[in-house]
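Residue numbers (the numbering used here): -12 to 405.
To keep things clear, I will list the structure first and then write my remarks on it.
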RNA sequence: CGGGGUGUAGCAUAGUGGUAGUGUACGCGGUUUGGGACCGUGUGGUCCGGGUUCGAUUCCCGGCUCCCCGACCA
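What follows is the structure in structure tokens.
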């Protein structure tokens, strides 16, 4: 991508009303645009980050048997009345809207009811189970207070997987597999070291659920962590949790702020019974399906990555989610010979499959370097009159600041993917 | 939803009951070119409604907006 073609621009200063670090940097770098409180546009660079995050999630969900679907955001009241979650006394985050033809619809804040209803069509025997369906799409929650930049918005990206099992054993096996997949996802996103599978409230369905909490000062949650033992407990269940059962003592736990980047729930048969999703066992009995739900917020993960990994100069993307692998910074572009030369390097990188953002703008070096730091691609390659003369390219690793000088052949060998 | 703030140009800010200033960004001309250069010049602004007043961006009332704290957060 030629940067001169990118319609977004960087800014030196963040808007005064944006306090959250994630949103300040993402706004300044032109990854997101704020439309209103709790609603952001993902601009070209930002959307690429989201899509890369989604790709990581997809790969891990597919690997444990997930099958992707896309469901409507418009939901009829009928199903929600069956599960008793339509009433605003019960659920206070509803956005509701009227049909011209009459009747009220809800904007999806979650999809348990809908997917359960869908599965009534496809599940009839124990032979059809287990099955795992997931979606990655926007959900709507009428939060009393949107806050923390892209961390708590009213319209947000959500990956939800729903599991449908015949037996507790099937369910538990998948629940564990999904928990492991989640840790792989967070590791691949570059926040694995700070992310803990955390004991949290199980609500009405089971004793505990699990949250995936990433330790961060910007977090809204409070967890009690034993970094040594890799155990974390949400403060909401600290009192009721049997710590000895978890193999940890209260003294070993430290209070930390954290960001909830994912959660997994056992739902039991609440929804299958309410909506009427049953299977026949080998004796022909109708048995309610055992369900679970497993969520990750891609945008929240994006904000968490920015919060954790950025430095005073700007964003530092892990390679797994960076919109581009290499930021090719062309200097001395007023000299046509140098410009042609740099264009050639760009084309050569592209030909070799290197995902490259090429700063071909007519701007001064200082501005280009500052923008490059702010945008945060993993590697910066500088091409200038000097590099042309010396045949060496300056390659800077954004995360460490390490600088190397590579020949053209070394450069291609270093970055080529095919 | 309770409490506290806020609103001046795309962005960041100053100021005033009497023609609204600066930085940055943007346009044009010129000098520059390895860490957000400089000179000249230009475009562009007081959240909305009402009130007080000869006159309101300023004072008053109402609304809205956005932010923060709390509550809430399958």
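Even glycine gets a Cβ: it sits at the ideal position worked out from N, Cα and C.
Could you pull the DSSP bridge partners for residue i from this structure?
i           : result
residue 198 : 185, 250
residue 273 : 267
residue 391 : 382
residue 112 : 267
residue 208 : 245
residue 142 : 127
residue 333 : In DSSP, residue 333 forms no bridge with anything.
residue 151 : 118, 278
Which whole-angstrom value is the C-beta distance of residue i and residue j, which I expect to be below 8 angstroms?
i           : j           : result
residue 120 : residue 149 : 6 angstroms
residue 343 : residue 333 : 6 angstroms
residue 264 : residue 110 : 6 angstroms
residue 104 : residue 262 : 5 angstroms
residue 38  : residue 172 : Rounded, the Cβ-Cβ distance is 15 angstroms, inconsistent with contact.
residue 289 : residue 123 : The Cβ separation is near 13 angstroms, so there is no contact.
Which same chain residues, not among the five before or five after residue i, have their C-beta less than 8 angstroms away from its C-beta?
i           : result
residue 153 : 113, 116, 117, 266, 268, 274, 276, 277
residue 364 : 304, 309, 310, 311, 312, 313, 314, 344, 385
residue 393 : 379, 380, 382, 401
residue 54  : 118, 119, 120, 121
residue 224 : 186, 187, 188, 195
residue 228 : 186, 195, 220
residue 92  : 61, 62, 63, 64, 83, 84, 85, 86
residue 157 : 116, 117, 277
Within the same chain, show all residues whose beta-carbon is closer than 6 angstroms to that of residue i, passing over the 5 residues directly before and after it, in chain order.
i           : result
residue 362 : 16
residue 358 : -3
residue 7   : 135, 136
residue 321 : none
Can you grab the Cα-Cα spacing for the pair residue i / residue j, in whole Å?
i           : j           : result
residue 107 : residue 151 : 11 angstroms
residue 318 : residue 368 : 11 angstroms
residue 399 : residue 347 : 19 angstroms
residue 212 : residue 233 : 12 angstroms
residue 397 : residue 312 : 16 angstroms
residue 307 : residue 272 : 48 angstroms
residue 372 : residue 360 : 21 angstroms
residue 246 : residue 221 : 11 angstroms
residue 203 : residue 298 : 14 angstroms
residue 184 : residue 140 : 24 angstroms
residue 198 : residue 56  : 24 angstroms
residue 340 : residue -12 : 12 angstroms
residue 34  : residue 20  : 11 angstroms
residue 72  : residue 165 : 26 angstroms
residue 181 : residue 174 : 9 angstroms
residue 67  : residue 100 : 7 angstroms
residue 387 : residue 155 : 47 angstroms
residue 32  : residue 279 : 34 angstroms
residue 434 : residue 200 : Residue 434 is absent from the structure shown; the chain starts at -12 and stops at 405.
residue 254 : residue 133 : 27 angstroms
residue 413 : residue 22  : Any property of residue 413 remains undetermined from this structure, which presents the chain solely from -12 to 405.
residue 230 : residue 207 : 23 angstroms
Residues in the same chain with beta-carbon distance under 7 angstroms from residue i, minus the five sequence neighbours each way, listed in chain order, please.
i           : result
residue 143 : 125, 126, 284, 286
residue 302 : 12, 16, 293, 361, 362, 363
residue 235 : 213, 216, 218
residue 30  : -5, 17, 18, 19, 20
Practice prompt. Ignoring anything shorter than 4 residues or poking outside the stretch 30 to 88, list the alpha helix (DSSP H) runs there in chain order.
Written response: 31 to 50, 64 to 69
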